[in-house]
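Here the first sequence is numbered in our numbering, starting from 239 and rising by one per residue.
Yeah, the Cβ is synthetic: ideal placement off N, Cα and C, and Gly gets one too.
Shown next, in structure tokens, is the structure this report addresses.
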Amino acid sequence: MSGLYDLGGLAASLSETLAALRTDQLGEQPGAGSAPPAELTISAHPEHGDVSTNAALVASGKGGRPREFAAELGRRWLAGPGAGVCRSYEVAGPGFLNLFLAPDWYRGALQSMLDAGEDYGRGVLAAAARQRVNIEFVSVNPTGPLHVGHARYAAMGDALCRIFAFAGHDVTREFYINDYGTQMLKFGQSLAARCAQRLGIEMPVAEDGYQGEYLLEIADRLLAEAGDRWHAALAAAAPDVAAVPRAVVDELKSRGCDAVLALFRATLERLRVPFDVWKSEATLYDGPGEHRGFRGEVGKALAEMDAEDELRESEGAVWLCTTRYGDDKDRVLIRQTGEPTYFLSDIAYHRDKLDRGFDHLIDIWGADHHGYVPRMRAAFTALPPHDPDKLELIIGQLVNLMESGAAKRMSKRRGDIVTVDDLVEAIGVDATRFFMVGRSHDSTLDIDLDLAVEQSNKNPVYYVQYAHARIASILRNLSDDSHSASATVLPAYEAEPAERALLLALARFPLVISDAVERRGPHRLHNYLGELAAEFHVFYKQCRVLDDDAAVAAFRVGLCRAAKAVLASGLRLLGVSAPEQM
RNA sequence: GCGCCCGUAGCUCAGUGGAUAGAGCGCCAGGUUGCGGACCUGGAGGUCGUGGGUUCGAGUCCCGCCGGGCGCGCCA
């Protein structure tokens, strides 16, 4: 796998020695697979060595003697593979094995980072673990601007995509446009009312319509494009928006949808959140074939469910028997009215995603949709390939907007919302992105808007960016002849504590990446970057980089280059800029 | 009532069954004849909501209870 000059390689090497030890002492068959891999952690206290492992504790066997097991593990490893990179070991506590790494390990570790350059930490996933993954996030019905809650899912989803790709997955990022159904009808009608108002016709927006003022702006644009061709129809219907002809509402809905989507694209582009696929729900109803009166992907899905005998008709509606797969009750797919439910098209949509050849599907949903999870998993179990694990539903908790100490309630229909654009304008893209991935998706996120603006200068993101800019400044001070950038071979050098701490922090980077992938937790990278920046600032304080001693300077310049590369990589994976100066 | 998430420092939150539970902000006291002071050092501040259980070892896993958020549509 990898050499001994990274933490993963060290752990792998220890695991091998451990397996041999178990064979000898416990009579375990080689390759039995029951030996847990050695878990290597960076010691929290200097007296515990540089790194330590609990391998002996978990692997000495029931009734074993962990301390003696650890001692033997240390003796064998140090006499064998660890000879060149480890200075000494000790057994501590109930059976920890603490390792004191040799100067050569630090030099070798730094050397390998520099050799990897900007690819350091890339491709941590084993070839067999790499998948074609579709990640769907933000998805929302296009009835109004994206609000701060969506910013969280956008930032988190995008960071996850970047990290997945960096680690070795083949990622497709997808936005599902919910441009079909009742909410869109209300949107079209609300837009019709706003158009009418602009034309001087009395027509209020319905009580349950979209009240936001942004619809006035869209109405202005549509009227400018289309002149007054809707004037007669709107005037005839006034003041009842429900009386506006369906054809007019549909056209307004369609044009309005395009306008809102254009806003989405602009906002998401500003947030540095690109999508590979924008999939329209409405298009799932178009296409060849027909089943139970539906064409396209929806018809296909219905046919498949019938083939699996998972549908039943009752009370004039068509139901999917999700209770067979753990749901609380069966769910309607086709209403009494003959209209499809959102659930039906969602099944067709996810079925289509599978058809497109993905190994794994991830949806990021807001917590207000979590009740939808059991039925979706049930549908996935009901349909071929009957594998609910192919669909992973990440539920992100909500965002609370605080204003002067109190929660601010938002409602899109009421139009009383703080948009992503508002937030970005207030604190900038970098702070928005960094802030939004700072917490686990399992925790609700509080944003105090006043504080966010006021504190923009001491936002944690600047701490990390400052470390990067500071390094850039140091490297700018290099004179080419004294510290050639091409001098890639490091001298023998015994690193000081602050240098070792920084190097260990850098050595963690690949582990942080695989950890963020496994746990779907971009916030782990966010936290890591703060810790790495802190280690750099301490190092900077204690160690003069441009030392008179050429060997010392060469090592420290290398350390700076490696730190700069990791900071830049990490920030880029979170969608945050890494400025050369600030 | 049922389901999911949360409860850790004054506040907002990290924390992979491991050793003495951490960070940011806030508060207190310090630090620069050198490479960027948007930095660094030290301090105060904790019954990890609560009661049991599992384990060599529990903030972490299991069960009960308390408190908060979100859901429980033929809306999306």
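What is the residue span of the beta strand (DSSP E) that residue i lies within?
i, result
"isoleucine 685", "683-686"
"alanine 555", "555-558"
"histidine 598", "598-604"
"lysine 517", "515-518"
"serine 552", "549-552"
"isoleucine 633", "629-634"
"phenylalanine 413", "408-415"
"arginine 467", "Note, arginine 467: premise wrong, no beta strand (DSSP E); not H, not E."
"isoleucine 280", "278-280"
Out of the options, which one is the CA nearest neighbour of residue i?
i, options, result
"proline 477", "Met543, Trp468, Glu440, Gly604", "Glu440"
"aspartate 606", "Ile600, Ala586, Ile632", "Ile632"
"arginine 432", "Tyr327, Ala405, Thr420, Leu472", "Leu472"
"glycine 527", "Ala520, Val536, Arg436", "Val536"
"valine 386", "Cys559, Gly576, Asp684, Arg260", "Asp684"
"arginine 459", "Gly419, Val498, Glu546", "Val498"
"alanine 555", "Ala545, Gln635, Gly576", "Gly576"
"alanine 690", "Ile709, Asp680, Ala710, Asp660", "Asp660"
"alanine 745", "Leu259, Arg677, Val329, Val362", "Val362"
"aspartate 601", "Asn292, Ile373, Ala434", "Ile373"
"glycine 564", "Val570, Val611, Gly595", "Val611"
"valine 662", "Ser711, Pro284, Thr505, Ala297", "Thr505"
"glycine 320", "Arg360, Ala743, Ala282, Gly247", "Gly247"
"leucine 636", "Pro304, Ala392, Ser350", "Ala392"
"glutamate 412", "Arg714, Asp627, Glu641, Phe596", "Phe596"
"glutamine 427", "Val378, His407, Val486", "Val486"
"histidine 469", "Ala430, Asn695, Asp753", "Ala430"
"glycine 465", "Ala434, Ala730, Glu445, Gly450", "Ala434"
"aspartate 590", "His624, Ala539, Asp625, Asp566", "Ala539"
"alanine 457", "Gly604, Cys399, Phe425", "Phe425"
"leucine 423", "Lys779, Gly447, Glu548, Ser350", "Gly447"
Assuming residue i and residue j are in contact, meaning their beta carbons sit under 8 Å apart, how far apart are those beta carbons, in whole angstroms?
i, j, result
"glutamate 773", "alanine 739", "5 Å"
"leucine 812", "arginine 345", "Actually they are not in contact, since the Cβ atoms of leucine 812 and arginine 345 sit about 30 Å apart, beyond 8 Å."
"leucine 621", "glutamate 519", "Not really, about 18 Å apart at Cβ, beyond 8 Å."
"threonine 579", "aspartate 568", "Actually they are not in contact, since the Cβ atoms of threonine 579 and aspartate 568 sit about 12 Å apart, beyond 8 Å."
"leucine 741", "alanine 733", "7 Å"
To the nearest angstrom, how far is it from the Cα of residue i to the Cα of residue j?
i, j, result
"alanine 249", "glutamate 277", "6 Å"
"glutamine 834", "glutamine 703", "As shown, the chain starts at 239 and ends at 820. That puts residue 834 outside it, with no answer to give."
"leucine 805", "leucine 763", "10 Å"
"aspartate 786", "alanine 816", "29 Å"
"threonine 793", "leucine 770", "Just to set this straight, residue 793 is phenylalanine in the shown sequence, not threonine. Approximately 18 Å, taken between the alpha carbons."
"alanine 616", "aspartate 584", "13 Å"
"serine 724", "leucine 352", "Because serine 724 sits at a pLDDT of 49, beneath the cut-off of 50, its placement in the model cannot be relied upon, and the following sentence gives the value as read from the coordinates. Spanning the two alpha carbons is a distance of roughly 11 Å."
"lysine 646", "histidine 388", "16 Å"
"arginine 863", "proline 380", "With the chain covering only 239 through 820, there is no way to say anything about residue 863."
"isoleucine 655", "leucine 558", "36 Å"
"cysteine 324", "tryptophan 343", "7 Å"
"leucine 490", "glycine 382", "14 Å"
"leucine 454", "arginine 436", "8 Å"
"aspartate 488", "arginine 573", "21 Å"
"glutamate 756", "threonine 521", "34 Å"
"glycine 531", "glycine 609", "29 Å"
"phenylalanine 581", "leucine 629", "15 Å"
"glycine 634", "proline 760", "12 Å"
"leucine 501", "glycine 494", "11 Å"
"threonine 261", "alanine 297", "11 Å"
"glycine 359", "alanine 789", "26 Å"
"proline 735", "serine 807", "25 Å"
"aspartate 688", "leucine 639", "10 Å"
"arginine 550", "alanine 364", "45 Å"
"leucine 784", "valine 667", "34 Å"
"glycine 331", "glutamate 310", "15 Å"
"valine 699", "alanine 462", "43 Å"
Starting from residue i, follow the alpha helix (DSSP H) in both directions and report where the run begins and ends.
i, result
"isoleucine 572", "Here isoleucine 572 belongs to no alpha helix (DSSP H); instead the beta strand (DSSP E) covers 569-572."
"asparagine 451", "It should be pointed out that residue 451 corresponds to glutamate in this sequence rather than to asparagine. Careful: glutamate 451 lies outside any alpha helix (DSSP H) and carries neither H nor E."
"threonine 505", "484-508"
"valine 289", "Where valine 289 is concerned, there is no enclosing alpha helix (DSSP H), although the beta strand (DSSP E) it sits in stretches over 289-291."
"methionine 614", "611-620"
"aspartate 660", "658-665"
"arginine 325", "That residue, arginine 325, is in no alpha helix (DSSP H); its beta strand (DSSP E) goes 324-330."
"phenylalanine 581", "580-593"
"glutamate 773", "760-780"
Any contact of the region 310-324 with the region 250-265, i.e. 3+ C-beta pairs under 8 Å?
-> yes
Segment contact flag, the region 331-344 with the region 354-365, C-beta cutoff 8 Å, min 3 pairs | no
Does the region 478-487 come close enough to the region 408-420 that 3 or more CB-CB pairs lie under 8 Å?
-> no
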